[in-house]
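Only one structure is covered here, and it is reproduced in the block below.
2 protein chains.
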Amino acid sequence: MTRYIAPVKDMQFILHDVLKANGLDIPGYDELEPEFTNAIFEEAGKLATEVLEPLNAIGDTEGCRLENGVVYTPTGFKDAFEKVKEGGWNGLDLPEEFGGQNLPYVMGISVGEVLMSGNMAFNMYQGLTHGAINALLAHATPEQKATYLPKMVSLEWTGTMNLTEPHCGTDLGLIRTKAVPQDDGSYKITGQKIFISAGDHDLAENVIHLVLAKAPGGGEGTKGISLFIVPKINVKEDGSLGASNGVSVGKVEEKMGIHGNATCVMNFDEANGYLVGELHKGMRAMFVMMNEARVGVGLQGYAMAEIAYQNAVDYARDRLQGRAVTGAENPEGPADPLIVHPDIRRNLMDQKSFIEGARAFTYWGAHLLDRGHRLGDKEAEGLISLLTPVIKGFQTDKGFEMTVQAQQIYGGHGYIEESGMSQYVRDARIAMIYEGANGVQALDLVGRKLAADGGKPAMAFFEMIKGFIKENEGNEALKDGFLEPLKAGSKDLQAAMMYFMQNGMKNPNAALAGSTDFMHMFGHVCLGYMWALMAKASSEALENGTSDVKFHETKLKTGRYYMARHLPATGMHLARIMSGAEPVMALDEDQF
Amino acid sequence: MTRYIAPVKDMQFILHDVLKANGLDIPGYDELEPEFTNAIFEEAGKLATEVLEPLNAIGDTEGCRLENGVVYTPTGFKDAFEKVKEGGWNGLDLPEEFGGQNLPYVMGISVGEVLMSGNMAFNMYQGLTHGAINALLAHATPEQKATYLPKMVSLEWTGTMNLTEPHCGTDLGLIRTKAVPQDDGSYKITGQKIFISAGDHDLAENVIHLVLAKAPGGGEGTKGISLFIVPKINVKEDGSLGASNGVSVGKVEEKMGIHGNATCVMNFDEANGYLVGELHKGMRAMFVMMNEARVGVGLQGYAMAEIAYQNAVDYARDRLQGRAVTGAENPEGPADPLIVHPDIRRNLMDQKSFIEGARAFTYWGAHLLDRGHRLGDKEAEGLISLLTPVIKGFQTDKGFEMTVQAQQIYGGHGYIEESGMSQYVRDARIAMIYEGANGVQALDLVGRKLAADGGKPAMAFFEMIKGFIKENEGNEALKDGFLEPLKAGSKDLQAAMMYFMQNGMKNPNAALAGSTDFMHMFGHVCLGYMWALMAKASSEALENGTSDVKFHETKLKTGRYYMARHLPATGMHLARIMSGAEPVMALDEDQF
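Listed below in structure tokens is the structure:
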């Protein structure tokens, strides 16, 4: 039996003690009183604990099935979806004019963590809808918004993103789906899309597909791509549903995990499509919403690690096996619980310190997005644009690794599906792949983001770290295990960047061969910085006589673990990077 | 469509160019002429390519099923098993007197790699039998050997190891299965065992279970444990089969992977059992065969990585996506193949350099076992005893990681079961758990093996590395990227050992908190040493005017990759280790 309880206290700590959200000068943040956010988190936690998590294993076992052209979701998903609708969870951070509550994105992301931990496959149905809504908000006409958004915000209709085709995922310039203009200004869309998450299902009465296709006259490659609305069922002028559109499900894929989410092959056969945004500017329309979508996937990395960790801790406390090397700790029992063993501790501390660091990084990133959207803060936009591939790539790589470590705590029992641990590993695996595979994130980071805007965001990042260290030189709590590792990690990261700058111009491969290493060392430095921020908040709380001494002491100790045992990875990554392109590119193709 | 081709040339290279097996002064090694071993490897390769690999996905999809007490294996397994029997593959390294061919263990292990890569779940049926045979060879009476071994060597009967019970895996002192002595000298065995690989199936007419149980008078904990033969079907005095024994299958487990192998709950209900070896000395009997079994599991780590790698290389060559940053390499086509991209190279080189290093380490380890068994070489025995947890733990951790990296090459397609890549990941995962979970391997290494025999084997290891470096100081090929990293890695490893020695006595947790890191850095140094040995062999071949220049140049380049990009991990592990027990053990149990 698995379980999940939303880590509300940890979430509140980041929002209020670390970010001090309520006092930030961002429109809407004044609403984020601790009692208010606590109530929302508690309510989301209840939904996750009582409704979503109990369906998680069922979704995995049953999966989705395609019968006579209709996709059926697992038992219980429909009722649960109704509860999500009723609670208005999808509209939390969406505009009021379309039925949302207009709360900041940081609230969408923090609540998203809870729902995702509870049931990743299930939560993707609204997650994809949310992404499609954002694309429409940014690019659709007022009429399109009025037609589609209210129903999508309320989840009466769900949404999808149709990008990938059989022969192309990353390289969208190769897509073949065609859009043929009609006299009435609409298009006929024909082609096949694959890996369409939540592509079809029985949870909502309509599915609004956003489809990338090529309309005539756009030229080769990505330049010719446009974005279209293609409803599963045609929407009449009055907003009611008409006849079926030329959209059908070719197949529901058998996947490694997220079985509860229908990953569909979608066939478009002269389907009615409606242009979103400018013709031939579809890629730009996609890119606008990518940062947010990628932060949302980065979230999945640690959200899956969180539920795996909670269950691993339970197991480590319950399972009696062996004796503590320093003397029996459960002398009355036949053996000590696993949690007494140092290597089990090492494993659990790896997880705990990563998860809490990643949570802070994600909320902090979401707050930068809010700064960008709500304040037009260009510096924040530059910074989050730089850090998005780090949040996505690093956190999903590490998050997956942590689910594997959590599974390991269970020994043989973790390999048996009944324990539930295998599902976390299998589900978490997809987050490293979709929304831009992590290698592509690393490429984006090193090949594009580092040099963006003349390197200003990267410089701003280092200035921020330097400034923090300088400002807190005298802080005794931070001097004890935080400032030095952060300084060293940041120095390694800068050295890697200098190496790229010096060598990347002559030989771009010298930079790209180190891209994944760079993404990972960047991630460690960011989480190190987050831990320093958290340590500062906790040491202040302790100084100010908090009533919750244990909570804040735990934070300091967990942070010191991260600094002592995760941050040393930066040296390894730097050494790899500085070995350059030569070892990586040495072989001819036929030598593999 | 997946595929597998045995890497015969690489295998031959290790056996003949690196180990120079044929010239070694070990009984039986004189038979290992290059033509002879090549013929065996080719034949094993044919079996793996044509018979085993095509059944791999079928085994995964169908799994094993229990119907009316009978376990059925997937379609095709029976025929394939007949082919393995006919080929005499199981007896390759077993004594001639029981029907084997008495070849050295290094041949058993190298052929085992091929069969394992081809189909891990299938190969476990004979793998477990092999393990049971070794236990009987070491401890059974001549009569028992005569009764059981010929049929087990020929695979008419298969074998199992029954250790784990619901409440205990690692801590076997807790087992509850009871052995009640009978007047005729036999025992009645009663209890439940779980996670019994190949516990029952339709491939052979009998299954010989080796069962750990407690007979009266042995005292508490592991001291009271004895080892018993418990046949599924009773064996009459004349060797023919009699009535069913009190052995039944309670369940076939649903697992994350190796679906083709029946992992059974075994119920023993007053089953007839026959003592193997001394009463109450069952644990000792198990330990004798553990080194070999663990080397065999360490093999699985890189064997699974090998087949995943082969398919990932195919995909990277075929799949067109994006353009090389240094200019189109397939200008006629719509895009370049994945393999032009530096991060794809980095990924593939990680895999290739690990696999080839691990293969060398495993064969070299097997050759130490042969030295021990066939020459009574105590030094070799000490060394392999020290290195066994490294082979098992490091190679299965890394091997799994490499299957994940191979899957990543496929992007979204890798997450779809149809690609076959998910299965490699799911199958490889078990090797980190069974035959002693990797945390237990690390504990064995640091808590037991390092200090064994007054630390002599550990000292001998470092002397060996030092001697090699000294001896080859003038070797130009080795000076180019091999000797310095090996020296640095070895120095890190020694520093970690010194740290354990200085701190472990006062505080054992200081050593054990770093055990997994130590195991990993040890693994890297071993593979670094192997790469230095391989580089030496290849540079000699090149100097001697080999006709296969490309092959040996590839070895040198792949080796330099390992040294430049894997070995820097030792510094990170050392830093983690030297941070000591404090960060790892800082939390109270209720702070998790």
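Top line first, the protein sequences correspond to chains V and D.
Anchor point for the first sequence: position 309 equals 321 in the numbering used here, and the numbering is continuous, going up by one each time.
Anchor point for the second sequence: position 352 equals 364 in the numbering used here, and the numbering is continuous, going up by one each time.
All C-beta atoms, glycine included, are put in the ideal place defined by N, C-alpha and C.
These figures come from a predicted structure and were not determined experimentally.
Range covered by the alpha helix (DSSP H) that runs through residue i
i, result
"isoleucine 70 (chain V)", "65-74"
"proline 617 (chain V)", "Only positions 13 to 604 of chain V appear in the structure, and residue 617 (chain V) is not among them; the question remains open."
"alanine 472 (chain V)", "468-483"
"histidine 578 (chain V)", "Counting along the chain, histidine 578 (chain V) falls outside any alpha helix (DSSP H), and DSSP gives it neither H nor E."
"threonine 400 (chain D)", "390-401"
"aspartate 456 (chain V)", "450-456"
"asparagine 517 (chain D)", "Strictly speaking, residue 517 (chain D) in this sequence is methionine, with asparagine absent from that position. Neither: methionine 517 (chain D) is in no alpha helix (DSSP H) and is coded neither H nor E."
"glycine 143 (chain V)", "132-151"
"valine 437 (chain D)", "433-442"
"histidine 379 (chain V)", "354-387"
"tyrosine 41 (chain D)", "Neither: tyrosine 41 (chain D) is in no alpha helix (DSSP H) and is coded neither H nor E."
"leucine 490 (chain D)", "488-491"
"threonine 558 (chain D)", "Element bounds for threonine 558 (chain D): n/a, residue is neither H nor E."
"proline 13 (chain D)", "The residue you asked about is not proline; residue 13 (chain D) is methionine in the sequence shown. Where methionine 13 (chain D) is concerned, there is no enclosing alpha helix (DSSP H), given that its DSSP letter is neither H nor E."
"proline 162 (chain D)", "154-165"
Range covered by the beta strand (DSSP E) that runs through residue i
i, result
"tyrosine 199 (chain D)", "199-209"
"glycine 171 (chain V)", "169-174"
"tyrosine 422 (chain D)", "That residue, tyrosine 422 (chain D), is in no beta strand (DSSP E); it is neither H nor E in DSSP."
"lysine 190 (chain V)", "190-193"
"glutamate 555 (chain V)", "Glutamate 555 (chain V) -> not in any beta strand (DSSP E); alpha helix (DSSP H) instead, spanning 527-555."
DSSP beta-bridge partners of residue i
i, result
"isoleucine 428 (chain V)", "D:Lys267"
"proline 349 (chain D)", "D:Leu332"
"glutamate 601 (chain D)", "Note: glutamate 601 (chain D) sits in no beta bridge, so no partner."
"tyrosine 286 (chain V)", "V:Ile241"
"glutamate 177 (chain V)", "V:Cys180"
Sequence-distant residues of its chain with Cβ nearer than 8 Å to residue i (five each side left out)
i, result
"phenylalanine 48 (chain D)", "none"
"glutamate 55 (chain V)", "Gly99"
"methionine 363 (chain D)", "The sequence shown places glutamine at residue 363 (chain D), rather than the methionine named in the question. Closer than 8 Å at the Cβ level, and outside the excluded window around glutamine 363 (chain D), lie Ala317, Ala320, Tyr321, Ala324, Met414, Gln417 and Ala418."
"methionine 119 (chain D)", "Leu44, Thr49, Ile52, Leu104 and Asp105"
"glutamate 177 (chain V)", "Leu186, Ile187, Arg188, Thr189, Gly203, Gln204, Lys205 and Ile206"
Residue i Cβ short of 7 Å to the ligand COA heavy atom set
i, result
"arginine 15 (chain D)", "Ligands displayed in this structure: none; no statement on the ligand COA is therefore possible."
Spatial neighbours of residue i in its chain, beta-carbon cut-off 7 Å, leaving aside the 5 residues before and after
i, result
"glycine 310 (chain V)", "Thr374, Ile403, Lys404, Gln407 and Thr408"
"lysine 97 (chain V)", "Ser166 and Leu167"
"glycine 57 (chain D)", "Ile17, Ala18, Val20 and Val126"
"alanine 347 (chain D)", "Leu332, Gln333, Gly334 and Arg335"
Cβ neighbours of residue i in the same chain (closer than 6 Å, five flanking residues each side left out)
i, result
"glutamate 282 (chain D)", "Lys200, Thr202 and Gly258"
"glycine 616 (chain D)", "The shown model of chain D, from 13 to 604, leaves out residue 616 (chain D), and the question about it has no answer."
*Sequence ranges, alpha helix (DSSP H) only - wholly within the stretch 292-339 of chain V, length at least 4*: Taking only runs of at least 4 residues, the alpha helix (DSSP H) segments lying wholly in the stretch 292-339 of chain V are 294-330.
*asked:* Tell me whether the stretch 310-328 of chain V and the stretch 172-187 of chain V touch, counting them as touching only if at least three CB pairs, one residue from each stretch, are closer than 8 Å.
replied: no
*Identify every run of the beta strand (DSSP E) within the stretch 216-284 of chain V, keeping only runs that are complete inside it and at least 3 residues long; order them along the chain.*
218-226, 237-243, 245-247, 253-256 and 259-264
_Inter-stretch contact at 8 Å, needing at least 3 Cβ pairs: the stretch 37-51 of chain D / the stretch 371-386 of chain D_ = yes
*Counting pairs of Cβ atoms below 8 Å between the stretch 119-130 of chain V and the stretch 51-67 of chain V, do you hit three or more?*
Yes: the two stretches touch, three or more of their Cβ pairs being nearer than 8 Å.
_Whole runs of the alpha helix (DSSP H) within the stretch 54-125 of chain V, excluding any shorter than 4 residues_ = Here the runs fully enclosed are 65-74 and 89-99.
*Could you tell me whether the stretch 365-374 of chain V touches the stretch 533-540 of chain D, where touching means 3 or more Cβ pairs closer than 8 Å?*
No contact exists between the stretch 365-374 of chain V and the stretch 533-540 of chain D.
*Specify whether the stretch 243-257 of chain V and the stretch 265-274 of chain V touch according to this definition: at least 3 beta carbon pairs, one from each stretch, less than 8 Å apart.*
no
_For the pair the stretch 572-587 of chain D and the stretch 573-588 of chain V, tell me if three or more CB-CB distances fall below 8 Å._
yes
*Three or more C-beta pairs closer than 8 Å, one from the stretch 451-461 of chain V and one from the stretch 422-434 of chain V: is that the case here?*
Result no; under three Cβ-Cβ pairs closer than 8 Å.
*Are the stretch 558-567 of chain D and the stretch 480-497 of chain D touching, with three or more C-beta to C-beta distances below 8 Å?*
Two segments are said to touch when three or more pairs of C-beta atoms, one from each, lie closer than 8 Å; by this definition the stretch 558-567 of chain D does not touch the stretch 480-497 of chain D.
*Is there contact between the stretch 83-91 of chain D and the stretch 141-156 of chain D, where contact requires at least three CB pairs shorter than 8 Å?*
no
*May I ask you to verify whether the stretch 233-244 of chain D touches the stretch 288-307 of chain D, counting CB pairs closer than 8 Å and requiring at least 3?*
yes
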